[in-house]
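Visitor:
Number of protein chains: 2
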Amino acid sequence: MNNKQASVAGSAVAEAPRQDMPWDHPRFRNWIAVGRLHAHWERAFARELKPLGIKCAHHDVLANVRRDPGLTQQVLARRMLVGRSNVTMLLPQLERMSLIRREDDPADRRAKRLFLTPAGESVTAASLAVQLRLMGRMMEALSLAECDQMGEMARRLTETLAEGKPTPRPAPQAAP
Amino acid sequence: MNNKQASVAGSAVAEAPRQDMPWDHPRFRNWIAVGRLHAHWERAFARELKPLGIKCAHHDVLANVRRDPGLTQQVLARRMLVGRSNVTMLLPQLERMSLIRREDDPADRRAKRLFLTPAGESVTAASLAVQLRLMGRMMEALSLAECDQMGEMARRLTETLAEGKPTPRPAPQAAP
DNA sequence: TGCTTATTGTTCATGTTTGAACATAATGGT
DNA sequence: ACCATTATGTTCAAACATGAACAATAAGCA
Numbered sequence: 000m001n002n003k004q005a006s007v008a009g010s011a012v013a014e015a016p017r018q019d020m021p022w023d024h025p026r027f028r029n030w031i032a033v034g035r036l037h038a039h040w041e042r043a044f045a046r047e048l049k050p051l052g053i054k055c056a057h058h059d060v061l062a063n064v065r066r067d068p069g070l071t072q073q074v075l076a077r078r079m080l081v082g083r084s085n086v087t088m089l090l091p092q093l094e095r096m097s098l099i100r101r102e103d104d105p106a107d108r109r110a111k112r113l114f115l116t117p118a119g120e121s122v123t124a125a126s127l128a129v130q131l132r133l134m135g136r137m138m139e140a141l142s143l144a145e146c147d148q149m150g151e152m153a154r155r156l157t158e159t160l161a162e163g164k165p166t167p168r169p170a171p172q173a174a175p
Numbered sequence: 000m001n002n003k004q005a006s007v008a009g010s011a012v013a014e015a016p017r018q019d020m021p022w023d024h025p026r027f028r029n030w031i032a033v034g035r036l037h038a039h040w041e042r043a044f045a046r047e048l049k050p051l052g053i054k055c056a057h058h059d060v061l062a063n064v065r066r067d068p069g070l071t072q073q074v075l076a077r078r079m080l081v082g083r084s085n086v087t088m089l090l091p092q093l094e095r096m097s098l099i100r101r102e103d104d105p106a107d108r109r110a111k112r113l114f115l116t117p118a119g120e121s122v123t124a125a126s127l128a129v130q131l132r133l134m135g136r137m138m139e140a141l142s143l144a145e146c147d148q149m150g151e152m153a154r155r156l157t158e159t160l161a162e163g164k165p166t167p168r169p170a171p172q173a174a175p
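If you read the sequences in order, they're chains A and B.
Quick note: the first sequence, position 160, residue 159 per numbering that gives the first Met the number 0, numbers continuous.
Quick note: the second sequence, position 70, residue 69 per numbering that gives the first Met the number 0, numbers continuous.
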């Protein structure tokens, strides 16, 4: 853990060149870039989703329910990396829009299982299309190999970050 | 815009195999991985920052002010990719902790310029150390070359995403 | 100068996310 | 069967972020 890295000009520096700053570290700059990318994406996606009358979080619910019809709220919350209460507050909105239907699980009287209504199916199809379109546009910047590589790195980083930690709030079986 | 892509087994498929799903697209899975990574990072960083009594947003302010002492709130907001009002609500908190000092700009009586107090300097040093330590741990998963590559891709993606768009809310001169 | 427009920071109402506390129900051990 | 433990979903207050409307100031231009 020796992050001394002699900032460029090594000779006769006047009055301490603001010492070894984080911005000199390549890793710092690179990680910041990832953060900015994420923020821009969220904004862009939210904007494109507006015409459909839903927000990113709604899309996230819909996409997950479409993928795994009959999900419980608990599982959904873990997938989305948010708290259970958040899901509880999100669902009534989607129910009022008649996009989601909640069904009591007969096998477990605590749990409620989630399904898309026909309207939900069609809105989900639309929002997925929006997502794919925007993503496709963005990804023009990358070759397919690069894209895979980026995903690979992201998965490795996530794992490294999680290991040795008391599981911030991930699912038992994550990574879909 | 033809995203038909014949899902694998082309012959005698029983009752539509849930058609061409986004999860089949490698780009989809890869991008999701990036999103998850970001969420995990935020959580981990917030947890490590707690002992210092500040949150991610606070650190963001501090780090930016340290980098560019005398920033105005407007510029800071653009750097942080948040609204001006958010900055306005964030600063009183940091002032109450005596970490930040606001100074009226004599040249422009609307603007206020931001500086770190001595206490602010030391907390910022600490929070930057925390960030570098956590980042270092995470980045063990990547070679330096890979890390640079990831940053490179992120910058390219951000640019591609922004171009053709009415500038969601980026700074005139972004990319620090 | 006098006018219009743009910029800076604030306020406020609104919507979102969170975590703690809770009620109900399942599970496991004895 | 009984009890403690765990899991699921809900409620609620508090923290947060957002965007629109605003006051004050600056800048551009006739």
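Beta carbons: idealized from backbone N, C-alpha and C, even for Gly.
So, LEU156 (chain A) versus LEU141 (chain B), is the Cβ gap smaller than 8 Å?
Guide: Yes, the pair counts as a contact, with Cβ atoms nearer than the cut-off.
Visitor: Spell out whether any CB of chain A is found under 8 Å from the CB atom of PHE27 (chain B).
Guide: Output row for PHE27 (chain B): interface = yes.
Visitor: Could you give the C-beta distance for MET137 (chain A) and THR71 (chain B), rounded to a whole number, given that I count them as a contact under 8 Å?
Guide: Actually they are not in contact, since the Cβ atoms of MET137 (chain A) and THR71 (chain B) sit about 31 Å apart, beyond 8 Å.
Visitor: How far does the beta strand (DSSP E) with GLU102 (chain A) in it reach, from first residue to last?
Guide: Unbroken beta strand (DSSP E) run through GLU102 (chain A): 99–103.
Visitor: Pick out whichever of A:LEU115, A:ARG109 and A:ARG108 has its Cα sitting closest to the Cα of ALA62 (chain A).
Guide: The candidate whose alpha carbon is nearest that of ALA62 (chain A) is A:LEU115.
Visitor: Between B:ALA38, B:ILE31, B:GLU145 and B:LYS54, which lies nearest to GLY82 (chain A) when the distance is taken from Cα to Cα?
Guide: The shortest C-alpha separation from GLY82 (chain A) is found at B:ALA38.
Visitor: With a threshold of 8 Å, are at least 3 pairs of Cβ atoms found where one atom belongs to the stretch 143–155 of chain A and the other to the stretch 80–98 of chain A?
Guide: Flag = no, the stretch 143–155 of chain A and the stretch 80–98 of chain A do not touch.
Visitor: Are GLN130 (chain B) and PHE27 (chain B) touching if we call contact CB-CB under 8 Å?
Guide: Result no, Cβ atoms of GLN130 (chain B) and PHE27 (chain B) do not sit closer than 8 Å.
Visitor: For the alpha helix (DSSP H) holding ARG78 (chain A), just list the boundary residues, first then last.
Guide: Taken as a continuous stretch (DSSP letters only), the alpha helix (DSSP H) holding ARG78 (chain A) covers 72–79.
Visitor: Name the chain A residues whose beta carbon is nearer than 7 Å to that of ARG77 (chain B)?
Guide: Near ARG77 (chain B) there are no residues of chain A at all, since even the closest Cβ is about 12 Å away, more than 7 Å.
Visitor: Between GLY119 (chain A) and chain B, is there a C-beta pair that is closer than 8 Å?
Guide: Answer no: the Cβ-Cβ gap between GLY119 (chain A) and chain B never drops below 8 Å.
Visitor: Hey, how far is the Cα of GLU120 (chain B) from the Cα of LEU89 (chain B)?
Guide: Computed Cα separation, rounded: 17 Å.
Visitor: Give a yes or no on whether the C-beta atoms belonging to LEU98 (chain A) and ALA118 (chain A) are separated by under 8 Å.
Guide: A contact, by the Cβ cut-off of 8 Å.
Visitor: If you draw a straight line from the C-alpha of VAL60 (chain B) to the C-alpha of LEU75 (chain B), how long is it?
Guide: If you take the alpha carbons of VAL60 (chain B) and LEU75 (chain B), they lie about 7 Å apart.
Visitor: Determine which residues share a DSSP beta bridge with PHE27 (chain B) and list them.
Guide: DSSP output for PHE27 (chain B) lists no bridge partner at all.
Visitor: What's the gap between the Cα of PRO21 (chain B) and the Cα of PRO50 (chain B)?
Guide: For PRO21 (chain B) and PRO50 (chain B), the distance between alpha carbons rounds to 41 Å.
Visitor: Between ALA110 (chain A) and GLU47 (chain A), what straight-line distance do the alpha-carbon atoms span, to the nearest angstrom?
Guide: When rounded, the distance between both Cα atoms is 33 Å.
Visitor: Mind listing the chain B neighbours of THR157 (chain A)? Cutoff is C-beta to C-beta under 8 Å, in chain order.
Guide: Correct list: ALA32, ARG35, LEU36 and HIS39.
Visitor: Which bits of chain A does MET96 (chain B) rub up against, with CB to CB less than 9 Å?
Guide: Ordered by position in chain A, no residue passes the 9 Å Cβ test against MET96 (chain B), which lies about 21 Å from the chain.
Visitor: In chain order, what residues of the same chain lie with their CB nearer than 7 Å to the CB of GLN73 (chain B), ignoring the 5 residues before and after it?
Guide: Here the set comprises ARG83.
Visitor: Of the residues A:MET152, A:GLU41 and A:GLY69, which one's Cα is nearest the Cα of ASP107 (chain A)?
Guide: ASP107 (chain A) has its Cα closest to that of A:GLY69, out of A:MET152, A:GLU41 and A:GLY69.
Visitor: What residue does the beta strand (DSSP E) around LEU115 (chain A) start on, and which one ends it?
Guide: Taken as a continuous stretch (DSSP letters only), the beta strand (DSSP E) holding LEU115 (chain A) covers 111–115.
Visitor: Taking the alpha-carbon positions, what's the ARG78 (chain B) to ALA128 (chain A) distance?
Guide: If you take the alpha carbons of ARG78 (chain B) and ALA128 (chain A), they lie about 31 Å apart.
Visitor: Please state whether the Cβ-Cβ distance between ALA161 (chain A) and VAL33 (chain B) is less than 8 Å.
Guide: No, these two residues do not count as a Cβ contact at 8 Å.
Visitor: For SER6 (chain B), does the three-state DSSP call read helix, strand or coil?
Guide: Per-residue confidence for SER6 (chain B) stands at a pLDDT of 35, beneath the threshold of 50, marking its modelled position as unreliable; the derived number appears in the next sentence. Coil.
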